[in-house]
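Q:
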Amino acid sequence: MKVVHTIKEVREIVKAWRKEGLSVGFVPTMGYLHEGHKSLITKSVSENDRTVVSVFVNPIQFGVNEDLAKYPRDLKRDTLLVTSAGADLIFNPEPSEMYPAHFTTSVNTTEVTEHLCGARRPVHFGGVCTVLTKLFNIVMPDRAYFGQKDAQQLAVVKRFVRDLNFDIEIIGCPIVREDDGLAKSSRNTYLSPEERKAAVILSKALKEGKELILNGERNARKVIDAITKVLYTEPLAKVDYVSIVDNTNIQPVDVIKGEVLVAIAVYIGTTREIDNFIIEVND
Numbered sequence: 564m565k566v567v568h569t570i571k572e573v574r575e576i577v578k579a580w581r582k583e584g585l586s587v588g589f590v591p592t593m594g595y596l597h598e599g600h601k602s603l604i605t606k607s608v609s610e611n612d613r614t615v616v617s618v619f620v621n622p623i624q625f626g627v628n629e630d631l632a633k634y635p636r637d638l639k640r641d642t643l644l645v646t647s648a649g650a651d652l653i654f655n656p657e658p659s660e661m662y663p664a665h666f667t668t669s670v671n672t673t674e675v676t677e678h679l680c681g682a683r684r685p686v687h688f689g690g691v692c693t694v695l696t697k698l699f700n701i702v703m704p705d706r707a708y709f710g711q712k713d714a715q716q717l718a719v720v721k722r723f724v725r726d727l728n729f730d731i732e733i734i735g736c737p738i739v740r741e742d743d744g745l746a747k748s749s750r751n752t753y754l755s756p757e758e759r760k761a762a763v764i765l766s767k768a769l770k771e772g773k774e775l776i777l778n779g780e781r782n783a784r785k786v787i788d789a790i791t792k793v794l795y796t797e798p799l800a801k802v803d804y805v806s807i808v809d810n811t812n813i814q815p816v817d818v819i820k821g822e823v824l825v826a827i828a829v830y831i832g833t834t835r836e837i838d839n840f841i842i843e844v845n846d
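Heads up, our numbering is the position in the sequence shown plus 563, with the first residue counted as 1.
1) Thinking residue 827 and residue 839 are a contact (beta carbons under 8 Å), I'd like their distance in whole angstroms, please.
2) Rounded to a whole number of angstroms, what is the C-alpha to C-alpha distance between residue 658 and residue 622?
3) Opposite residue 838 in the DSSP bridges: which residues?
4) Kindly examine the ligand COA and report whether one of its heavy atoms sits closer than 7 Å to the Cβ of residue 724.
5) Between residue 786 and the rest of its own chain, which residues show a CB-CB distance below 8 Å, the 5 nearest in sequence each way excluded?
6) Counting beta carbon pairs with one atom in the region 763–770 and one in the region 732–745, are three or more of them shorter than 8 Å?
7) If I measure Cβ to Cβ from residue 580 and keep anything under 8 Å in the same chain, skipping five residues before and after, which residues do I get?
8) Using a Cβ-Cβ cut-off of 7 Å (strictly less than) and excluding sequence neighbours within five positions of residue 566, which residues of its own chain qualify?
9) Does DSSP put residue 614 in a helix, in a strand, or in coil?
10) Count the other C-beta atoms from every protein chain shown that fall within 10 angstroms of the C-beta of residue 668, then say buried if there are 16 or more, exposed otherwise.
11) Should residue 624 go down as buried or exposed, given a rule of 16 or more other Cβ atoms within 10 Å for buried?
12) Closer than 8 Å is the cut-off here; do at least three beta carbon pairs connect the region 587–606 with the region 660–676?
13) Just verifying my parser: in three-state terms, what is the DSSP assignment at residue 754?
14) Looking at C-alpha atoms only, which residue of 685, 758, 707 and 684 is the closest neighbour of residue 695?
15) Are residue 691 and residue 719 touching if we call contact CB-CB under 8 Å?
16) Given this structure, state the Cα-to-Cα distance separating residue 795 from residue 610, to the nearest angstrom.
17) Do the CB positions of residue 815 and residue 678 come within less than 8 Å of each other?
18) Which residues in the same chain have their Cβ closer than 8 Å to the Cβ of residue 593, if we skip the five residues on either side of it in sequence?
19) How is the beta strand (DSSP E) around residue 803 delimited, first residue to last?
20) Can you list, in chain order, the stretches of the alpha helix (DSSP H) that have 4 or more residues and sit fully within the region 606–685?
The following block contains the structure:
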């Protein structure tokens, strides 16, 4: 397992792999890796001859007053996890390597970014699309792996890869949770012990919504209200949004049918946590 910091090094290594006829999987991350990331890496390792993991806190996907400066970073820790998962290469560039002086090009998409986190964080998905376009062009993978916890991001990536004709298979992987149900996230490190206990309310509320749907409820507003009611039983929780959207275009639905995404964003103290589930209803 090798760690490199320049675009030139990544391209040279991948070019050599390609000469050997090897397939390449790619797991883009912002670092401070956990078991959720490890599951993505392990899947890539199982499906490709070589796997590249990027570790890069992308500055252009953070808005004003967001947590760019305090976002956790620990390359040594990340390297141990990537090595244990069986990957072959970490690409850990500096921001100046990815965004040289007078960088003025951006990639964005509409429709799938209009609601949920896209409505709350207006610069976020433009930054995601731009950095992934660059990373895809640098690594040139056959497959790229993303977690379902960032479900809107997954939909955004699938859309711009389709629209711009990237020859890359985008693979979504299940949410990995703590034993008490909290979705694993690098930002969980921000939570105090009291907030960490309170954060379990996200998965509890989603469970309530899922049970309603499984028991036949098809009115999206009623499910949203039930989830919101559970969330507000936790004094430390402040709801950002509770929404039900179709899982392809990320547009709100009134009636639950087909494949839908039930997504929530909740502040626990000052930490914004997201969670979701996807369900298919064909009755």
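Idealized CB from N, CA, C, for every residue including glycine.
A: In short, the structure shows the following:
1) Stepping through the sequence shown from its first residue, residue 827 is reached at position 264. Stepping through the sequence shown from its first residue, residue 839 is reached at position 276. Residue 827 to residue 839, Cβ: 7 Å. Contact.
2) Working through the sequence shown from its first residue, we reach residue 658 at position 95. Working through the sequence shown from its first residue, we reach residue 622 at position 59. Approximately 7 Å, taken between the alpha carbons.
3) Looking up residue 838 in the sequence shown gives position 275. Beta-bridge pairing links residue 838 to 827.
4) As far as ligands go, the structure on display features none, and thus does not contain the ligand COA.
5) Mapped onto the sequence shown, residue 786 falls at position 223. Excluding residues within five positions, the ones whose Cβ falls inside 8 Å are 772, 775, 776, 780, 807, 819 and 825.
6) yes
7) Position 17 of the sequence shown holds residue 580. These residues qualify, in order along the chain: 587, 612 and 613.
8) Position 3 of the sequence shown, counting from 1, holds the residue named residue 566. So the list reads 642, 653 and 655, once near-sequence residues are dropped.
9) Residue mapping note: residue 614 aligns to position 51 of the sequence shown, counting from 1. Correct three-state label for residue 614: strand.
10) Position 105 of the sequence shown, counted from the first residue, corresponds to residue 668. Answer is exposed; the Cβ neighbour count stays below 16.
11) In the sequence shown, counting from the first residue as 1, residue 624 sits at position 61. The residue is buried, with at least 16 neighbouring Cβ atoms inside 10 Å.
12) Between the region 587–606 and the region 660–676 there are fewer than three C-beta pairs closer than 8 Å, too few to call the two in contact.
13) Looking up residue 754 in the sequence shown gives position 191. Looking at residue 754 - three-state DSSP - the assignment turns out to be coil, as it is neither helix nor strand.
14) Within the sequence shown, numbered from 1, the residue matching residue 695 stands at position 132. Checked all of 685, 758, 707 and 684; the closest Cα to residue 695 is 707.
15) Counted from its first residue, the sequence shown places residue 691 at position 128. Counted from its first residue, the sequence shown places residue 719 at position 156. Yes, the pair counts as a contact, with Cβ atoms nearer than the cut-off.
16) Stepping through the sequence shown from its first residue, residue 795 is reached at position 232. Stepping through the sequence shown from its first residue, residue 610 is reached at position 47. Residue 795 and residue 610 have their C-alpha atoms roughly 42 Å apart.
17) Walking along the sequence shown from the start, residue 815 turns up at place 252. Walking along the sequence shown from the start, residue 678 turns up at place 115. Yes, Cβ-Cβ distance for residue 815 and residue 678 is below 8 Å.
18) Along the sequence shown, read from residue 1 onward, the residue named residue 593 stands at position 30. Counting only Cβ-Cβ distances below 8 Å, and skipping sequence neighbours, we find 618, 619, 620, 621, 634 and 749.
19) The count along the sequence shown starts at 1 and reaches residue 803 at position 240. Segment 800–809, the beta strand (DSSP E) holding residue 803.
20) 638–648, 658–661 and 680–683
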